[in-house]
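Engineer: Below: one structure in structure tokens.
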Amino acid sequence: MGYTAANSVAGVADAWDQPLAGSFNQLKQLKAKNPHLRALISIGGWTWSKNFSKAAATEASREKFVRSCIDIYIKGNLPVIDGRGGPGAAAGVFDGIDIDWEWPGTNSGEVGNHVDVENDARNFKLLLEEFREQLDAYGAQTGKHYLLSAFLPANPEDIAAGGWNDPEIFEYLDYGNVQGYDLHGAWDPALAGHQGNLYDDPADPRAAHRQFSVDKAVQEYLGAGIDPSQLGVGLAMYGRGWKGVGSSQPWSAANGAAPGTWEAGNEDYDKLRTRGQDYYDPATVSAWRYDGDQWWSYDNAQSVTAKAHYVDELGLGGGMWWDLSGNHDGSLLGTFTDTLRSLPSGPVDGTDGPSDPTDPTDPTDPTDPTDPSDPTEPTDPTDPGECTAAAWSPTAVYTGGATVSHQGKEYRAKWWTQGDVPTAGGPWELTGACSGDPTDPTDPTDPTDPTDPGECTAAAWSPTAVYTGGATVSYQGQTFRAKWWTQNNVPGAEQYGPWESLGAC
Numbered sequence: 001m002g003y004t005a006a007n008s009v010a011g012v013a014d015a016w017d018q019p020l021a022g023s024f025n026q027l028k029q030l031k032a033k034n035p036h037l038r039a040l041i042s043i044g045g046w047t048w049s050k051n052f053s054k055a056a057a058t059e060a061s062r063e064k065f066v067r068s069c070i071d072i073y074i075k076g077n078l079p080v081i082d083g084r085g086g087p088g089a090a091a092g093v094f095d096g097i098d099i100d101w102e103w104p105g106t107n108s109g110e111v112g113n114h115v116d117v118e119n120d121a122r123n124f125k126l127l128l129e130e131f132r133e134q135l136d137a138y139g140a141q142t143g144k145h146y147l148l149s150a151f152l153p154a155n156p157e158d159i160a161a162g163g164w165n166d167p168e169i170f171e172y173l174d175y176g177n178v179q180g181y182d183l184h185g186a187w188d189p190a191l192a193g194h195q196g197n198l199y200d201d202p203a204d205p206r207a208a209h210r211q212f213s214v215d216k217a218v219q220e221y222l223g224a225g226i227d228p229s230q231l232g233v234g235l236a237m238y239g240r241g242w243k244g245v246g247s248s249q250p251w252s253a254a255n256g257a258a259p260g261t262w263e264a265g266n267e268d269y270d271k272l273r274t275r276g277q278d279y280y281d282p283a284t285v286s287a288w289r290y291d292g293d294q295w296w297s298y299d300n301a302q303s304v305t306a307k308a309h310y311v312d313e314l315g316l317g318g319g320m321w322w323d324l325s326g327n328h329d330g331s332l333l334g335t336f337t338d339t340l341r342s343l344p345s346g347p348v349d350g351t352d353g354p355s356d357p358t359d360p361t362d363p364t365d366p367t368d369p370t371d372p373s374d375p376t377e378p379t380d381p382t383d384p385g386e387c388t389a390a391a392w393s394p395t396a397v398y399t400g401g402a403t404v405s406h407q408g409k410e411y412r413a414k415w416w417t418q419g420d421v422p423t424a425g426g427p428w429e430l431t432g433a434c435s436g437d438p439t440d441p442t443d444p445t446d447p448t449d450p451t452d453p454g455e456c457t458a459a460a461w462s463p464t465a466v467y468t469g470g471a472t473v474s475y476q477g478q479t480f481r482a483k484w485w486t487q488n489n490v491p492g493a494e495q496y497g498p499w500e501s502l503g504a505c
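Those letters in the sequence shown? Residues 1 to 505, by the UniProt record's numbering.
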């Protein structure tokens with residue numbers, strides 16, 4: 001597609017004669033704004049795995065296939081079509097290649113795929129070795145390490161057929177993402193059930209070898225000796241649904257696939273998030289919605305938060321989403337990454353770094369100038385009634401918008417949380433000191449702020465500007481920090497939006 005100035009990352013429309021345009025050009029612009037971003041081109045997929053087996057069958061075919069991928073996507077030598085493309089046109093867009101072969105050595109993939117049951121597993125490993133060798137050879141010329149990743153199956157039968165949990169494979173791969181969705185769907189039209197449950201459901205009536213869970217899949221890899229830091233967990237920004245369901249309980253009878261925007265039985269998270277009643281099972285870490293007829297399995301803030309904790313606890317490498325178009329405001333992704341950031345350790349440690357430069361603005365918070373009176377603060381605990389919000393409890397469950405008090409301050413939950421100590425980060429937003437705090441009488445001076453725009457050190461928010469994670473702006477007397485990429489989202493207007501309030505200027 002052609003990009004206009006309005007929807008371009010850099011605010012510049014595609015020109016008719018530029019060699020690189022469309023989405024590849026937007027990726028290049030996005031990387032320029034986010035120097036640490038790494039983009040990989042994924043090859044294959046459910047409907048595009050037909051010829052993998054043939055491409056991997058011989059030494060000559062493997063060499064040719066890999067060479068062509070590197071030439072086009074890494075070196076950026078695009079074919080010339082209608083004046084676009086040419087040698088090096090897409091150089092620097094991609095930092096590696098992702099292999100999505102669904103699935104070697106088994107007929108459980110798309111009907112019509114070429115499959116060599118006896119040799120696919122061996123040839124698959126040799127194909128990855130060829131990719132690693134050629135990527136490293138080119139990297140020796142450019143001084144750069146090019147990434148190689150893969151989409152990993154969840155079905156133990158598919159894992160075994162392709163040799164996916166062979167530790168040697170992970171000598172070639174930088175990492176792999178385990179399929180954490182499509183564990184069930186309306187291809188079984190008579191039974192509504194979970195598509196992305198983290199743990200096994202004892203109520204699942206299917207045969208044992210058809211009962212899937214994310215953890216069961218992950219353990220197939222960990223049990224084979226795969227380094228957990230090389231594994232990511234797949235999450236879905238869409239749901240799988242059935243119609244004619246007479247109960248809200250999982251594994252109820254159904255009479256077919258529920259209507260969907262793109263296909264029957266499939267719907268985006270944005271369309272499902274308000275449909276019917278929301279349900280969540282902490283034992284299986286599964287969420288669903290039910291409206292009296294349609295039953296939809298999906299991920300919500302609760303399940304995403306729990307899965308982030310799971311990633312941290314097992315020392316996994318992170319998460320992968322399919323796909324971003326299902327949740328336009330990025331709330332699910334924000335929940336996942338913010339939860340990881342709030343944990344004491346985890347694969348995204350260090351990502352807080354970009355936000356550190358905003359710390360010097362803290363002294364501008366309205367309560368800070370009253371610090372000289374801090375010696376009077378020890379009297380606060382003698383009057384618990386000063387905090388109007390209920391005290392935070394580590395065992396209570398809080399949903400977005402809930403308010404609590406903790407250590408003389410009040411906090412508001414940004415999303416579902418349990419056991420997360422309130423701080424000015426993670427799932428909690430600091431709303432200020434409790435109403436009876438002796439420092440509060442200074443607050444009435446705040447109305448004078450608008451008369452002195454210089455007090456806001458961050459640049460004023462602009463609806464046409466593009467902001468990336470960590471960027472700070474000022475708007476209506478407050479400072480906001482972007483949690484992720486955003487454009488034209490008014491700061492503070494969305495409860496789960498891309499902006500985090502840092503307080504008044």
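C-beta: ideal position from N, C-alpha, C; glycine also.
Could you tell me whether the Cβ atoms of residue 256 and residue 317 are closer together than 9 angstroms?
Structural biologist: No, the pair does not count as a contact, with Cβ atoms beyond the cut-off.
Engineer: What is the rounded straight-line gap between the Cα of residue 300 and the Cα of residue 159?
Structural biologist: The straight-line gap from Cα to Cα measures roughly 28 angstroms.
Engineer: List, from N- to C-terminal side, the alpha helix (DSSP H) runs of 4 residues or more that fit wholly inside the stretch 244 to 314.
Structural biologist: The qualifying runs are 269 to 272 and 301 to 314.
Engineer: So the beta strand (DSSP E) residue 117 belongs to, where does it begin and stop?
Structural biologist: Looking at the DSSP string, residue 117 is not in any beta strand (DSSP E), and its letter there is neither H nor E.
Engineer: Determine the contact status of residue 130 and residue 63, defining contact as a CB-CB distance below 9 angstroms.
Structural biologist: The answer is yes: Cβ separation under 9 angstroms.
Engineer: Quick one: what's got a C-beta closer than 8 angstroms to residue 291's C-beta in the same chain, skipping five residues either side?
Structural biologist: 275, 276 and 277.
Engineer: Which of the three DSSP states is assigned to residue 123 in this structure?
Structural biologist: DSSP places residue 123 in helix when its eight states are reduced to three.
Engineer: Could you please give the first and the last residue of the uninterrupted beta strand (DSSP E) stretch that includes residue 79?
Structural biologist: Residue 79 -> beta strand (DSSP E) spans 78 to 81.
Engineer: In chain order, what residues of the same chain have a beta carbon less than 7 angstroms from the beta carbon of residue 93, not counting five sequence neighbours either side?
Structural biologist: Here the set comprises 24, 27, 28, 39 and 76.
Engineer: By how many angstroms is the C-alpha of residue 135 removed from the C-alpha of residue 188?
Structural biologist: Residue 188 and residue 135: Cα-Cα distance of roughly 41 angstroms.
Engineer: Are the Cβ atoms of residue 391 and residue 403 separated by less than 9 angstroms?
Structural biologist: Cβ distance not < 9 angstroms, so residue 391 and residue 403 don't count as in contact.
Engineer: From this set, 398, 498 and 126, which residue's C-alpha is nearest residue 421's C-alpha?
Structural biologist: Nearest option by C-alpha distance: 398.
Engineer: If you draw a straight line from the C-alpha of residue 239 to the C-alpha of residue 269, how long is it?
Structural biologist: Cα-Cα distance, rounded: 6 angstroms.
Engineer: Which word fits residue 7, buried or exposed, when buried means at least 16 other C-beta atoms lie within 10 angstroms of its C-beta?
Structural biologist: By the neighbour-count rule (16 or more Cβ atoms within 10 Å), residue 7 is not buried but exposed.
Engineer: Need the endpoints of the beta strand (DSSP E) that residue 430 sits in, please.
Structural biologist: 428 to 433 is the extent of the beta strand (DSSP E) around residue 430.
Engineer: Quick check on DSSP: helix, strand or coil for residue 7?
Structural biologist: Coil.
Engineer: Under DSSP, the beta strand (DSSP E) around residue 478 begins and ends at which residues?
Structural biologist: Looking at the DSSP string, the run of the beta strand (DSSP E) that includes residue 478 is 478 to 482.
Engineer: Just to check my reading of the structure: residue 102 and residue 109 have Cβ atoms closer than 8 angstroms, yes? What is that Cβ distance to the nearest angstrom?
Structural biologist: Between residue 109 and residue 102 the Cβ distance is about 5 angstroms, and since that is below 8 angstroms, they are a contact.
Engineer: Given that a residue counts as buried once 16 or more other Cβ atoms are within 10 Å of its Cβ, and exposed if not, what is residue 540?
Structural biologist: Nothing can be reported for residue 540: it is not among the residues displayed for the chain, which extend from 1 to 505.
Engineer: Identify the continuous beta strand (DSSP E) that holds residue 177 and give its terminal residues.
Structural biologist: Here the beta strand (DSSP E) through residue 177 covers 175 to 178.
Engineer: For residue 406, name the three-state secondary structure that DSSP assigns.
Structural biologist: In this structure, residue 406 counts as strand in the three-state DSSP scheme.
Engineer: What number of angstroms, rounded off, separates the C-alpha of residue 380 from the C-alpha of residue 407?
Structural biologist: Low confidence applies here, because residue 380 scores a pLDDT of 39, under 50, leaving its location unreliable; read the following figure in that light. Each residue's Cα considered, the two are about 10 angstroms apart.
Engineer: If we require 3 or more residues per run, which beta strand (DSSP E) segments fall completely within the stretch 137 to 169?
Structural biologist: Fully enclosed beta strand (DSSP E) runs of 3 or longer: 147 to 152.
Engineer: For residue 2, name the three-state secondary structure that DSSP assigns.
Structural biologist: Coil, per DSSP.
Engineer: Taking a contact to mean a Cβ-Cβ separation below 9 angstroms, would you say residue 65 touches residue 114 in this structure?
Structural biologist: Result no, Cβ atoms of residue 65 and residue 114 do not sit closer than 9 angstroms.
Engineer: Looking only at its chain, what residues have a beta carbon closer than 6 angstroms to the beta carbon of residue 37, apart from the 5 residues adjacent to it on each side?
Structural biologist: Answer for residue 37: 31, listed in chain order.
Engineer: Have a look at residue 73 and residue 87 and give me their C-alpha separation to the nearest angstrom.
Structural biologist: Those two C-alpha atoms are separated by around 11 angstroms.
Engineer: Going by CA-CA distance only, name the one from 476, 468 and 470 that's closest to residue 460.
Structural biologist: Comparing Cα positions, the closest option is 476.
Engineer: In this structure, how does DSSP classify residue 171 when only helix, strand and coil are distinguished?
Structural biologist: Looking at residue 171 - three-state DSSP - the assignment turns out to be helix.
Engineer: When we look at the beta-carbon of residue 98 and count the other beta-carbons within 10 Å, is it buried (16 or more) or exposed?
Structural biologist: Residue 98 is buried by the Cβ-count criterion.
Engineer: Quick check on residue 472: does DSSP put it in helix, strand or coil?
Structural biologist: Three-state DSSP puts residue 472 in a strand.
Engineer: Residue 111 by DSSP, collapsed to three states: which one?
Structural biologist: Three-state result, residue 111: coil.
Engineer: Just grab the DSSP bridge partners of residue 391 for me.
Structural biologist: DSSP, once it has assigned bridges, lists 405 as partnering residue 391.
Engineer: Would you call the CB atoms of residue 132 and residue 175 closer than 9 angstroms?
Structural biologist: Contact flag unset, no.
Engineer: Could you tell me whether the Cβ atoms of residue 44 and residue 151 are closer together than 9 angstroms?
Structural biologist: A contact, by the Cβ cut-off of 9 angstroms.
Engineer: Who pairs with residue 100 in a beta bridge, going by DSSP?
Structural biologist: Looking at the DSSP assignment, residue 100 forms a beta bridge with 44.
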